[in-house]
Amino acid sequence: MKAKSMGSGLDAFPRKEIANIERRLFMKSGLSMGALTLLSGCDVTDQESVQKVLWAMSHWNDKVQGWLFDPSRLAPEFPESRITRPFPFNAYYSIDKVRIVDPNSYRLEVSGLVRETRPWTLPELYALPRTTQITRHICVEGWSAIGKWSGVRFSDFLQRIGADTTAKYVGFKCADEYYTSIDMPTALHPQTLLTFWFADEVLPAQYGFPMKLRMPTKLGFKNPKHIAALWVTNSYPGGYWEDQGYNWYSGS
Amino acid sequence: MADHVKIHPLVVRITHWINAFAILMMVASGWRIYNADPFFGFRFPDEWTLGGWLAGALQWHFAAMWLLAANGLVYLVYGLASGHLRRKLTPLSPRAVLHDLRQAVRGRLAHDDLTVYNAAQRAAYIGVIALLVLLVLSGLVLWKPVQFHAIGMFMGDYEGARYLHFFAMTGVVLFVLVHVLMVVLVPRTFPSMFTGRIKSMTTRRPA
Chain R
1 MKAKSMGSGL
11 DAFPRKEIAN
21 IERRLFMKSG
31 LSMGALTLLS
41 GCDVTDQESV
51 QKVLWAMSHW
61 NDKVQGWLFD
71 PSRLAPEFPE
81 SRITRPFPFN
91 AYYSIDKVRI
101 VDPNSYRLEV
111 SGLVRETRPW
121 TLPELYALPR
131 TTQITRHICV
141 EGWSAIGKWS
151 GVRFSDFLQR
161 IGADTTAKYV
171 GFKCADEYYT
181 SIDMPTALHP
191 QTLLTFWFAD
201 EVLPAQYGFP
211 MKLRMPTKLG
221 FKNPKHIAAL
231 WVTNSYPGGY
241 WEDQGYNWYS
251 GS
Chain W
1001 MADHVKIHPL
1011 VVRITHWINA
1021 FAILMMVASG
1031 WRIYNADPFF
1041 GFRFPDEWTL
1051 GGWLAGALQW
1061 HFAAMWLLAA
1071 NGLVYLVYGL
1081 ASGHLRRKLT
1091 PLSPRAVLHD
1101 LRQAVRGRLA
1111 HDDLTVYNAA
1121 QRAAYIGVIA
1131 LLVLLVLSGL
1141 VLWKPVQFHA
1151 IGMFMGDYEG
1161 ARYLHFFAMT
1171 GVVLFVLVHV
1181 LMVVLVPRTF
1191 PSMFTGRIKS
1201 MTTRRPA
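Just so you know, the sequences run in chain order R and W.
Taking my numbering, the leading residue of the first sequence gets 1, the next gets one more, and so forth.
Taking my numbering, the leading residue of the second sequence gets 1001, the next gets one more, and so forth.
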């Protein structure tokens, strides 16, 4: 009996010992798993193959969000009493670096798959039919704020410039070197506005003078400010944050 | 000789480990996302998080969410269709849960027969399943507050969903801590989560 136990190795240990070994092994494996994922989290993230998978998943999420997007579903609108005051400033730079755009020399350039490529002056843009919305701005960081914006429906503007609305993207270049792009269904959404007014006043510099594209169906960073040029295209224009890893579609 | 009793079906073992991996990724990346706007005034240490920065954490979170949801769906469909959930987690009465919890605090809760869950375990497992469902639902509202507005109406819209998501995460993390502590206290349960079998120590019969 004893010899047999000795021969089969593990059986020689009392049951309690086995339990202790199991516990130690478990704690060890638990520790190394934690160490791998948590302590060297950056290393795991930096692996090229891991990066490829994450980017592929982000592209997949772009597609899924496109399918989930219902062109007729409206973002909730709020009463004046719910407006966040003061409305937070947010950009890729601090507030003292806000660009000042000269309203007199300003021209909005339009190009790509459009019929009319003539640049627009501010008085011309201000004369377009005005729609107002009080909606929630949701930042990719998590916080949200409710604001009031007024301007022309972007679908209306796209129609006026004879845009090919079967194209895939609209790209934006801003006076502060920011750039981004959106999908055509969102561009045509009834709550997507090219806004020139904020809280019934001319859009202040910190909120994007002279204009901000306001989309309550997209995260805050997708809403370009200080827009200087826009173009309609089928080739993916990317974006300032999007090219660094933020999800391109980023829809609400 | 001790009998080997099968306690964890293969589907449960596989989904358990995928779930553990998915939750680890979701929590670690979620903490980094929370750090971008720490609405409770504290931050999780960066070394405990996944993703390196906000964009990286979001990529991890929105990739691992598919694993968590798909795996959870497989588990729930299997558990309901096979009767596994009903067999293991019911019946359950509040009185039995309170009784078992009291016994556990006194260190008197017996769990010799690993094939049967006591009331405290049943409550904990049902609770963590409910929390994970809540995490997925509130997560959908945070991801797409406009498209999933109908779900958000039941949780105070976008801002309400943020708090719910955080509290449900806290509940899951507490569950995991207690769960792991229990495995450390009763180590012979650990290998059974791989093999599915356990040496029954209480059903020893005279030869």
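The C-beta atom is built at its ideal place from N, Cα and C for all residues, glycine as well.
Can you have a look at residue i and say buried or exposed, based on whether 16 or more other CB atoms are within 10 angstroms of its CB?
i: Ser144 of chain R; result: buried
i: Pro210 of chain R; result: buried
i: Gly239 of chain R; result: buried
i: Gly1056 of chain W; result: buried
i: Ile1023 of chain W; result: buried
i: Gly1052 of chain W; result: buried
i: Phe1062 of chain W; result: buried
i: Thr166 of chain R; result: exposed
i: Arg115 of chain R; result: exposed
i: Gly66 of chain R; result: exposed
Does the beta carbon of residue i come closer than 8 Å to any beta carbon on chain W?
i: Tyr246 of chain R; result: yes
i: Glu141 of chain R; result: yes
i: Ser58 of chain R; result: yes
i: Asn61 of chain R; result: yes
i: Leu193 of chain R; result: no
i: Leu68 of chain R; result: yes
From which residue to which residue does the alpha helix (DSSP H) around residue i run?
i: Ile1007 of chain W; result: Element bounds for Ile1007 of chain W: n/a, residue is neither H nor E.
i: Gln159 of chain R; result: Phe154 to Arg160
i: Trp1143 of chain W; result: Ala1119 to Trp1143
i: Glu124 of chain R; result: Leu122 to Tyr126
From the beta carbon of residue i, is the nearest beta carbon of chain R less than 8 Å away?
i: Phe1154 of chain W; result: no
i: His1179 of chain W; result: no
i: Ile1018 of chain W; result: no
i: Lys1144 of chain W; result: yes
i: Gly1056 of chain W; result: yes
i: Ile1198 of chain W; result: no
i: Phe1042 of chain W; result: no
i: Arg1162 of chain W; result: yes
i: Ser1192 of chain W; result: no
Report the option in the options whose CA atom is closest to the CA atom of residue i.
i: Asp176 of chain R; options: R:Ala163, R:Ile138 and R:Pro224; result: R:Pro224
i: Arg118 of chain R; options: R:Phe221, R:Tyr236 and R:Ile161; result: R:Ile161
i: Glu242 of chain R; options: R:Ser49, R:Gly171 and R:Ser111; result: R:Gly171
i: Pro103 of chain R; options: R:Ile227, R:Phe89, R:Gly251 and R:Ala167; result: R:Ile227
i: Leu1114 of chain W; options: W:Phe1062, W:Ser1192 and W:Ala1028; result: W:Ser1192
i: Arg253 of chain R; options: R:Pro190, R:Gly147, R:Pro237 and R:Gly151; result: In the structure displayed, chain R extends from 1 to 252; residue 253 of chain R sits before or after that span and is not available.
i: Leu219 of chain R; options: R:Tyr126, R:Ser150 and R:Trp248; result: R:Trp248
i: Glu1159 of chain W; options: W:Ser1138, W:Tyr1075 and W:Gly1196; result: W:Ser1138
i: Leu1132 of chain W; options: W:Met1026, W:Pro1009 and W:His1008; result: W:Met1026
By DSSP, does residue i sit in helix, in strand, or in coil?
i: Lys52 of chain R; result: helix
i: Ala1063 of chain W; result: helix
i: Val232 of chain R; result: strand
i: Ile1151 of chain W; result: helix
i: Trp149 of chain R; result: strand
i: Trp81 of chain R; result: Here the sequence assigns Ser to residue 81 of chain R, which means Trp is not the residue at that position. Residue state, collapsed to three classes: helix.
i: Arg1013 of chain W; result: helix
i: Gly1030 of chain W; result: helix
Quick check on the DSSP output: the beta strand (DSSP E) that includes residue i runs from which residue to which?
i: Val1180 of chain W; result: Where Val1180 of chain W is concerned, there is no enclosing beta strand (DSSP E), although the alpha helix (DSSP H) it sits in stretches over Asp1157 to Leu1185.
i: Gln244 of chain R; result: Segment: none, Gln244 of chain R is in no beta strand (DSSP E) and carries neither H nor E.
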